[in-house]
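Notes follow the structure.
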Amino acid sequence: MKLGFVRTLLLIAALLVACPLFAAEQKSFKIGVITELSGDLVTGGNITKRGYDLWAQEVNAKGGIDIKGTKYPVKLVYADAQSNPAAGAAAAERLITQEKVDFILGPYSSGVTLAVAPVVDKYKIPMITGSAESPLIWRNKFKYTFGTIPPINFTGATSIKTLLEMKPTPKSIAIIGSNDAFSKATAEAYKGAAEAAKLKIVKFSIVPSGQDMTPLLSAVRSMKPDIIAFGGHDEEHVKFVKALRQIGYTPKALLMHCGITDKAFTDAVGKDGDQIFGTTCWTGTAKTKSKILWPNAAAYAAASQKAFGNPGDYTQGGCSAAGIAFQVALQKIGAKPGMDEAMRAKLVKALEEVDVQTFYGRVKFATAGEYYHANVGLDPLTVQIQKGKIMTVGPKASVEAAAQYPMKEWKSR
Amino acid sequence: MELLPQALADGVMLGGIYITIAIAFSLTYGVMHVIDFAVGEWIMFGAFTGYYLNKWTGLDPFLFLPVIFVAYFGVGYLIQPVIHRVLSGTKGNPFLMGLVFTFGLAIMFKGLALTVFGYYSNSIPSMFSEGAFNFDVFGAAVTIPTVRLVGLAYALAITAVLHYMLKKTNFGLGVRALAQHKDAAGLMGVNSRRTGSYVYGIYVGISAMTGVLLGCILSIGAQMGNEYTIFAFFVVVLAGMGYLAGVPWAALLLGLVQSIFMIYFNPSHTLLAVFVILYLILLISPRGLFGKGV
């Protein structure tokens, strides 16, 4: 009898302890994050992590996402995609079936995103990638996948157009891309823009990722192109610049899409990074206005500088903007943590209707066509590194500094 | 054909890089019969050591090569007994255990590097990074970057030193005896443990120095090891496992194939071409280019 009484007391005590914990767990949005925290794309993966973390940190500092007067904090649950599409798909499966996340913030690379998107479609879990840019993702029309960075075929032509305004007008271009989903798409976007602009394409090559490209660049040098455009990732950018430097060929313009806007690139290549052109859709000096979390791009860059010692680039910003898009859609439908399938379908609908000004600029997802579910609210920018700083040099409406053209010879730097 | 002289020059320079990656790897396989999957990570550690020494002192990274060799020789000397213990076990398959052990080391080193050095790619500046030699060969312009020429000279010097050590010194005689037959070498007075430790130390030291060179020519990052491990393995297999004299030729062949394929054919199929050639050679001569592998 006495033992039974003790057992009952223990059971009541356990329930009393467990109930508030259970209730507290239910009061947070559990968000899965799949990104590349190891492997070849670890740099980009960690940049996305910074963006997602900064958003979560800022939301939680304000008490959480305000849903009809009640604030729900957010909890990020990370899964490493290991820079490997198959590992990314497995991570998505684990986050959905075991961690029971409410929704997902997506990978850095297009390759991993393409592997994760069918999984989130299968389980009907909404995902926004704050980084992936390959047009292939949007052409597949995945219902549950969205992206805050416009696809490369939407942005890529901008910098070619800017370069065509330079004097003397460039007449020829060599285009090289690394052999992965994003870099290949970047090279193809440049090719499409160059063909449209009637630039003479003297070389178009896709090379295996991570290779020493010196022999190929030696061949390019003999063709003397005015512009060399390269699609690749951070490590390849460093190798590419060093190889051009070593063979002593300075094109009139060197164009690289992603990665050059991160401070780490200029730190790695030093003065050789000067005057390199890039395409982006956001910089820390972009003229944006917002009522959500950060009032403008400068405020975001300052918050990032404080948190990570780095003002952040367009990938990091895109990831924080992905969080904001979810936030806006959740508020619109009054969603609470622990969403069921019907609520998640409503969330997708709400995301399709999102049209909001953020520190990143306008976020508006396309609902049809080749950009289906990609953000088409942003205007692409052409940027150039000038004395270590990223300056917007085109299009005309956004210019911060005149473009420096042609490039100064490597040897006279 | 006006690009041919440049293609050949680029191929030879690339071959020089592959020699530096593979030569010590081949030596350690010849003696210890272990495929060290951590070769790329030793290269990476050496690269970061050179990077930080350059950053802290402002001196040219090439000046630190002797210091880096000595420091990493010490590290290799201390680690080898652990690998030796795994390889000399009597239960299971010690060779496979050795493979798994070095594979584990590689993963652990990579994780450690990511934590300590961060995830950004970087580069090591050197006084050799900026110049180049330009000349005409039958009317065709050829450029050889100074830093790559230094790399080739380094590769040839390391090869010559190792060759001299193996052929002309008593220590080298012991190493060769150990490579041929461990028990018989022991009976002739060769201390297999100590010799193995020296060889592994030399291998780790050379790999670390190679990292500095690669940081000057290409780039450095915590994840850089993978690709160098693959190329080291490729060159050593092509040369014949453990056949040191074959390494320079295999490395040059690999460099030339890559360079010529990149210039004259479809660059996206470069690696495919390289591996098809490797398979064909191994089909014809399973013990490597010269048929002298273990």
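First to last, the sequence lines map onto chains L and F.
Mind the numbering: the first sequence is residues 1 to 413 in this note's numbering, read in order.
Mind the numbering: the second sequence is residues 1 to 294 in this note's numbering, read in order.
We put the beta carbon where it would ideally sit given N, CA and C, even for glycine.
- Using a Cβ-Cβ cut-off of 8 Å, L:Lys122 does not count as an interface residue toward chain F, since no Cβ of chain F sits closer than that to its own.
- The Cβ of F:Tyr228 sits no closer than 8 Å to any Cβ of chain L.
- In this structure L:Met213 is buried. Its beta-carbon is surrounded by 16 or more other beta-carbon atoms within 10 angstroms.
- Scanning chain F for C-beta atoms nearer than 7 Å to the C-beta of L:Asp212 yields Leu14, Leu218, reported in chain order.
- Between the segment 71-78 of chain L and the segment 106-116 of chain L there are fewer than three inter-stretch CB-CB distances shorter than 8 Å, so the stretches are not counted as touching.
- Taking a C-beta distance under 8 Å as the contact criterion, L:Thr162 and L:Val393 qualify as a contact pair.
- Going by beta carbons, L:Arg413 and L:Asp234 fall outside the 8 Å limit.
- Apart from the 5 residues on each side of it in sequence, L:Thr155 sits with its Cβ closer than 7 Å to the Cβ of Thr279, Cys281, Pro380 in its chain, given in chain order.
- In this structure, the straight-line span from the alpha carbon of L:Lys291 to that of L:Thr250 is close to 45 Å.
- Excluding sequence positions up to five before and after L:Val202, its CB lies within less than 6 Å of the CB of Ser172, Ala174, Met223, Pro225, all in the same chain and listed in chain order.
- In the three-state DSSP reduction, L:Ile149 falls in the coil class, being neither helix nor strand.
- In the same chain as L:Gln404, and ignoring 5 residues on each side of it, the C-beta atoms closer than 7 Å to its own belong to Gln275, Gln384, Gln386, in chain order.
- Taking the Cα of F:Asp10 as reference, the smallest distance to any Cα among F:Val31, F:Pro145, F:Met127 is reached at F:Pro145.
- Contacts with chain L (Cβ-Cβ distance below 7 Å) from the segment 106-121 of chain F involve Leu114, Tyr119, Tyr120, Ser121, listed in chain order.
- When the beta-carbon positions are compared, F:Ile277 and F:Val247 stay at least 8 Å from each other.
- With contacts defined by Cβ atoms closer than 8 Å, L:Val269 and L:Val241 form a contacting pair.
- The criterion of a C-beta distance shorter than 8 Å is satisfied by L:Phe326 and L:Ile128.
- In the structure shown, L:Lys75 falls within a strand segment according to DSSP collapsed to helix, strand and coil.
- Among the CB atoms of chain L, none fall inside 8 Å of the CB of F:Ala273.
- Annotated three-state conformation of L:Arg413 is coil, per DSSP.
- Runs of the beta strand (DSSP E) spanning 3 or more residues and lying entirely within the segment 223-269 of chain L occur at 227-231, 253-256, in chain order.
- For F:Thr102, the enclosing alpha helix (DSSP H) starts and ends at 94-117.
- About 19 Å separates the CB atoms of F:Pro61 and F:Ile19; that is not less than 8 Å, and the two are not in contact.
- Residue-level contact check: F:Met127 does not touch chain L, since none of the beta carbons of chain L fall below 8 Å from its beta carbon.
- Only those residues of the segment 222-238 of chain L whose C-beta falls short of 7 Å from the nearest C-beta of chain F are listed: Ser222, Asp234, Glu235, Val238.
- Residues of the same chain with a CB within less than 6 Å of the CB of L:Val328, apart from the 5 flanking positions on each side, are Val354, Val356 in chain order.
- Note on geometry: alpha-carbon atoms of F:Tyr29 and L:Ala286 lie some 56 Å from one another.
- In the three-state reduction of the DSSP assignment, L:Gln98 falls in the coil class, being assigned neither a helical nor a strand state.
- With a threshold of 8 Å between beta carbons, L:Ser205 makes contact with chain F.
- Assigned with DSSP and collapsed to three states, L:Asp40 falls in coil, not helix or strand.
- Under the three-state reduction of DSSP, F:Ala141 is assigned to strand.
- In the structure shown, F:Asp136 falls within a strand segment according to DSSP collapsed to helix, strand and coil.
- In this structure, F:Ser26 lies near F:Leu244, with their beta-carbon atoms less than 8 Å apart.
- For L:Thr382, the closest of L:Pro168, L:Tyr371, L:Ala397, L:Ala374 by C-alpha to C-alpha distance is L:Ala397.
- Think of a sphere of 7 Å around the beta carbon of L:Leu95: no beta carbon from chain F falls inside it, the nearest being about 22 Å out.
- Within chain F, Ser268 have C-beta atoms less than 8 Å from the C-beta of L:Asn179, given in sequence order.
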